[in-house]
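Reviewing the structure listed below.
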Amino acid sequence: YYAYTEFIKKFDENPVELTDFSHFIIEDFLGSLYRVTNSNKLITYKDIIDVYVPKAKSVLYNSADKKGKKGNIIEKSYEKEQQNKYGVFLGGDRPIIYIESELDNDNSILVIKDSYANAFIPFLTNHFRHLYVIDPRLWEGNLSDLVKGKGINNILFINYCLINRYQSYAELLSKML
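This is the structure in structure tokens:
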């Protein structure tokens with residue numbers, strides 16, 4: 301939420317107040333470190349996920365247009381998942397998704413991200429009518445063609461803070477260009 305508020309101020313817009321979102325909590329979250337290690341120590345330190353549901357109604361498509369399978373920005377069914385509760389945000393990672401918000405504007409943004417950004421993206425639906433989201437680890441398209449073809453006027457790179465340490469990620473970005 302704090303990253304969202306600072307980001308949206310760059311557009312001379314006011315962020316939606318946290319108290320204006322509906323909210324629920326997912327308990328007993330172990331996360332990706334547990335999935336990788338299966339460490340019993342992590343079981344004793346379960347976390348929670350605070351989920352804030354965007355005010356603007358939106359539809360998520362598993363493609364760059366409205367032809368893909370529809371989904372929800374916040375997918376409550378993941379609340380009951382044992383291994384992937386973080387999938388509550390955007391239904392998890394996909395190569396590319398398109399989110400159309402009910403807003404009465406033509407603002408568009410392309411978000412190039414890894415899974416750490418999934419909790420951030422729903423906040424953007426309160427300001428952008430058209431959101432395109434790419435995960436370079438999974439997508440194999442041409443970035444320039446997408447931006448030109450969809451008339452995207454804003455691009456945001458948002459990733460795990462140490463992703464730049466991985467040469468393979470830089471190579472994936474390079475292939476998109």
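Taking our numbering, the leading residue of the sequence shown gets 301, the next gets one more, and so forth. Note that CB positions come from ideal geometry on N, CA and C, so glycine has one too.
* Opposing strand residues paired with V336 [DSSP bridges] -> Translated into the one-based positions of the sequence shown, residue 336 becomes position 36. For V336, DSSP assigns no beta-bridge partner whatsoever.
* **Candidates N372, D393, I374 and K357, of which the one nearest W439 by Cα** => The residue you call residue 439 lines up with position 139 of the sequence shown. Ranking the options by Cα distance to W439, first place goes to D393.
* Give the C-beta separation of V388 and I349 to the nearest angstrom, bearing in mind that I take them to be a contact with Cβ-Cβ under 8 Å. => Residue mapping note: residue 388 aligns to position 88 of the sequence shown, counting from 1. Residue mapping note: residue 349 aligns to position 49 of the sequence shown, counting from 1. Here V388 really is in contact with I349; their C-beta atoms are around 7 Å apart, less than 8 Å.
* Quick one: is H427 buried, meaning 16 or more other Cβ sit within 10 Å of its Cβ, or exposed? -> Against the sequence shown, residue 427 aligns to sequence position 127. By the 10 Å Cβ count, H427 comes out buried.
* Asked: Looking only at its own chain, which residues have a Cβ that is under 7 Å from the Cβ of S377, when we skip the five neighbours before and after it?
  -> As a first step, residue 377 must be located in the sequence shown, where it is residue number 77. For S377, where only same-chain residues beyond five positions count, there are no Cβ hits under 7 Å.
* Give the DSSP bridge partners of D445, in chain order. => Position 145 of the sequence shown, counted from the first residue, corresponds to residue 445. None; D445 has no bridge partner.
* Does the stretch 450 to 461 come close enough to the stretch 400 to 420 that 3 or more CB-CB pairs lie under 8 Å? -> Yes, since at least three Cβ pairs between the stretch 400 to 420 and the stretch 450 to 461 fall closer than 8 Å, the two stretches touch.
* To do: Might you give, ordered along the chain, the residues of its own chain that have their beta carbon closer than 7 Å to the beta carbon of N525, omitting 5 neighbours on each side?
  => It is not possible to answer for residue 525, since the shown part of the chain is limited to 301 through 477.
* Asked: Looking at C-beta atoms only, is the number of pairs between the stretch 363 to 378 and the stretch 337 to 347 that lie closer than 8 Å three or more?
  -> With the cut-off at 8 Å, the stretch 363 to 378 and the stretch 337 to 347 do not touch.
* **Extent of the continuous beta strand (DSSP E) run through F329** => The count along the sequence shown starts at 1 and reaches residue 329 at position 29. Going by DSSP, F329 is part of the beta strand (DSSP E) stretching over S322 to F329.
* To do: Any chance you could list the alpha helix (DSSP H) runs of at least 4 consecutive residues sitting entirely within the stretch 382 to 454, in chain order?
  => DSSP assignment within the stretch 382 to 454 yields the following whole alpha helix (DSSP H) runs of 4 residues or more, N-terminal first: 421 to 424 and 443 to 450.
* To do: Answer with buried or exposed for L462, where buried requires no fewer than 16 other C-beta atoms within 10 angstroms of its C-beta.
  => For the purposes of this step, residue 462 is taken as the residue at position 162 of the sequence shown. Flag for L462 reads exposed.
* To do: Please name the residue in Y352, M476 and Y334 whose C-alpha comes closest to that of K346.
  => Within the sequence shown, the letter at position 46 stands for residue 346. Ranking Y352, M476 and Y334 by Cα distance to K346 puts Y334 first.
* Note down the Cα distance separating N453 from N338, rounded to an integer number of angstroms. => The sequence position of residue 453 within the sequence shown is 153, counting from 1. The sequence position of residue 338 within the sequence shown is 38, counting from 1. Taking the straight line from one Cα to the other gives about 43 Å.
* Distance between beta carbons of F423 and Y302, contact taken as under 8 Å -> In the sequence shown, residue 302 corresponds to position 2, counting from 1. In the sequence shown, residue 423 corresponds to position 123, counting from 1. Going by Cβ atoms, the distance from Y302 to F423 rounds to 10 Å, so no, they are not a contact pair.
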